[in-house]
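Residue numbers (this note's numbering): 123 to 997.
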């Protein structure tokens, strides 16, 4: 890489070249090194169906910042990448692609379908990995994993067998969430609730003996086809005499009993509820307590099955309409009451979920949840921000057994076999050849696969080689930080924690760093339906990966959502250009000189100041990163580089670089190189490409900035006195420039400055700086001055006099200001008139009134400034 930098920064030319340089150098690869401390992050594995979106981009940027920072700090930093097979999502995409060919899963059969699925994985699985690389992700690609690779499959089987043998995995009939579109069970965590308009249908159920009827209400009349009882509360005085009596189920004619159960709320509605054990989780429990029949009336696609009598074959919605019509015609329907209620939908396809009784595999959660709750309560796992623990505890404290079987073909197949002769269930690591109970060889494997989250719950240790006790596992586990969004705390985070506790005896990570979601400039969630999604790859193509990364962390605070806008990306791109131009200036000024990357022995006041400021930034940024305050860290770097280094120090350094004194010029060059190099190192985790490109051009040691040493705070570089003295000089310069600006004096018109101060030595040393940056043609420093017709400005430690005659034609300027004052006063009077008008205040929109108030405040301020300038000119 050359020492010369192009005139403008072109990310397209730089990024791929730099990434290849990192890959070829092997800098991303972490080694088991007893001399170093390990630092590990496992990537939340993106789906193989995935396309990089803004959520991924933020997630990966935060991880990359932490990994690059720790790597530079000397840790053996492993960022372990990989992808998830995402059973439901991937199978749905493959089925859809086959439908276009006129094929179904059943047409192909399981083996051929899986061949297609693996081919799909080969074609699309690597796409998101290539996109992650575009972002600059410094993952250890040598260790890339896939949730269905051989090692992960071995871990999945091992866990299933262990939990089964401990009695923590069982198979049974339970109510599960059924997605009629995906045609599979889904876990509680995969059900999303949203408010919908609906109805309460009030229906009469007549007594068999003709003595009257009971009135009850339901939101799902179609499920009445599967009713096997009606329940009342045992202490409800209204119904004590009817418990045990028989009712006749309307339209169906089946006799069903009245049972007493504490599940019923006495004071809700009529205090009577229908019990449908096959289609409601609470009803299922009531059914178990009262030994009720379980009648499933729905097919896998949500239509009515043969148990639905004459309604069989209808869709759920058709059946509902027909049932309500017949109830009305036959006098059973009392009234229809419109309501709003929460409806559960599948998180993948957003189809309404049907609670349905089904034979499935479950994990018994209570014994697993307790240690996982305790390890967070005891502080062994910390959530950043801490408030996210509430989501975790709320989920874990109320957890139900986890349904882990899925009626899909793509995924880890359940390692259970059934004997066709004696019915024995065999759970084993390897395929059994004979039934251990009767010796029969007629065994068939369970058709179902495991929930995707079953394998990703093992990710922090399965990827490091478990169940084998590998060197990687011993060294890199437990991992350090998990970076993820708050939307998958219960999907994934909770499951990893209880899996780590159960199988490794310790939590899988020390810290869970939760970030928010990316929203658009108006604060709306990015979604396909709103059409407000922004493709990170397009942003990278236009502005470069560094600008995207910088935007995604500017203003980022743990747990809070972030607004994304084009203006923010442009500001980040401008910042990259600022760094580039400042670096080119330094390179031009060191060209032809031998400039070591070390501080000179003798430092001028401004050198001591910039070194002190840099030292403080090192301390604060490091501390911010330790506390995951990434947005604050990046803001401090931005402010330091833009304001202090570029706008002040470089401008001051120009005086010395242009002087004939080679010693002072060389000292300025060394300070510029030393501070810029250190600043690039601090910026590197956030903006890796541009910092590497510039660092390679500056005097440096080592092959790459990404393996250079992270700057450390040095007590020797602290100089609060120099910082204070320099601040006083800068205050004078700012004050003079502001006053000149108020009086519309062009920079070309220079004047003498007189500074009265007790710190004469400081201001004497700063005189060349003040002269250059405050547009003066001379600076005189003394104890006190008496200057006729001068504007005086008081700042900390000094009183500065500006002779007005040298700057402005007083008469002309006073006339101009008088005209400006008259115009401002008129505008101000208009605003006051509006604000004292009750009609305007009560009828105008609030934002209009507020706009007038703000305008009035600005005008008042402007009037005061004009008056102050006129007063100064009048003396």
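Beta carbons: idealized from backbone N, C-alpha and C, even for Gly.
Can you tell me which of the options puts its alpha carbon nearest to the alpha carbon of residue i?
i, options, result
"residue 572", "323, 308 and 127", "308"
"residue 471", "313, 653, 564 and 648", "313"
"residue 549", "508, 524, 456 and 292", "292"
"residue 501", "611, 533 and 632", "632"
"residue 758", "990, 805 and 393", "805"
"residue 294", "792, 726 and 486", "486"
"residue 216", "531, 848 and 744", "531"
"residue 337", "396, 521, 750 and 972", "396"
"residue 140", "519, 826, 947 and 672", "826"
"residue 698", "712, 667 and 710", "667"
"residue 833", "854, 859 and 799", "799"
"residue 1068", "702, 748, 911 and 761", "Past the boundaries of the shown model lies residue 1068; the chain is included only from 123 to 997, so the question cannot be answered."
"residue 863", "836, 844, 896 and 879", "896"
"residue 911", "981, 929, 716 and 887", "929"
"residue 280", "583, 729, 159 and 675", "583"
"residue 404", "463, 829, 477 and 247", "477"
"residue 206", "251, 304, 148 and 232", "251"
May I ask you to report which of helix, strand or coil DSSP gives residue i?
i, result
"residue 562", "coil"
"residue 734", "helix"
"residue 847", "helix"
"residue 411", "helix"
"residue 656", "coil"
"residue 675", "helix"
"residue 327", "strand"
"residue 304", "coil"
"residue 632", "strand"
"residue 522", "coil"
"residue 539", "strand"
"residue 482", "strand"
"residue 567", "strand"
"residue 685", "strand"
"residue 390", "coil"
"residue 996", "helix"
"residue 584", "helix"
"residue 717", "coil"
"residue 421", "coil"
"residue 943", "helix"
Any idea if residue i is buried or exposed, counting beta-carbon neighbours within 10 angstroms, 16 or more meaning buried?
i, result
"residue 368", "exposed"
"residue 842", "exposed"
"residue 736", "buried"
"residue 240", "exposed"
"residue 261", "buried"
"residue 124", "Summary for residue 124: the model assigns pLDDT 37, below 50, so the residue's position carries little reliability, and this model does not support an answer."
"residue 274", "buried"
"residue 963", "exposed"
"residue 499", "exposed"
"residue 695", "buried"
"residue 410", "exposed"
"residue 458", "exposed"
Quick one: residues in its chain with C-beta nearer than 6 angstroms to the C-beta of residue i, no 5 flanking neighbours on either side, listed in chain order?
i, result
"residue 562", "541 and 543"
"residue 266", "203 and 204"
"residue 617", "575 and 579"
"residue 789", "722"
"residue 493", "623"
"residue 213", "530 and 532"
"residue 400", "348, 416, 417, 418 and 479"
For residue i, which residues of its own chain have a beta-carbon under 8 angstroms away from its beta-carbon, when the five flanking residues on both sides are left out?
i, result
"residue 371", "327, 346, 349, 377 and 378"
"residue 704", "763, 767, 768, 772 and 798"
"residue 329", "335, 336, 364, 367, 368, 369 and 370"
"residue 659", "174, 253 and 256"
Beta-carbon within less than 7 angstroms of residue i's beta-carbon, same chain only, minus the 5 sequence neighbours each way: which residues are those?
i, result
"residue 652", "646"
"residue 208", "169, 170, 171 and 574"
"residue 132", "none"
"residue 359", "none"
"residue 813", "802, 805, 806 and 827"
For residue i and chain C, any beta-carbon pair shorter than 7 angstroms?
i, result
"residue 996", "No chain C appears in this structure, which consists of one protein chain only."
For the ligand ADP, I want to know if residue i counts as a neighbour, meaning its beta carbon is within less than 6 angstroms of at least one of the ligand's heavy atoms.
i, result
"residue 206", "As presented, the structure is devoid of all ligands, the ligand ADP included, so that no description of it is given."
Start-end ranges of the alpha helix (DSSP H) lying completely within the stretch 184-229, minimum 4 residues: 209-222
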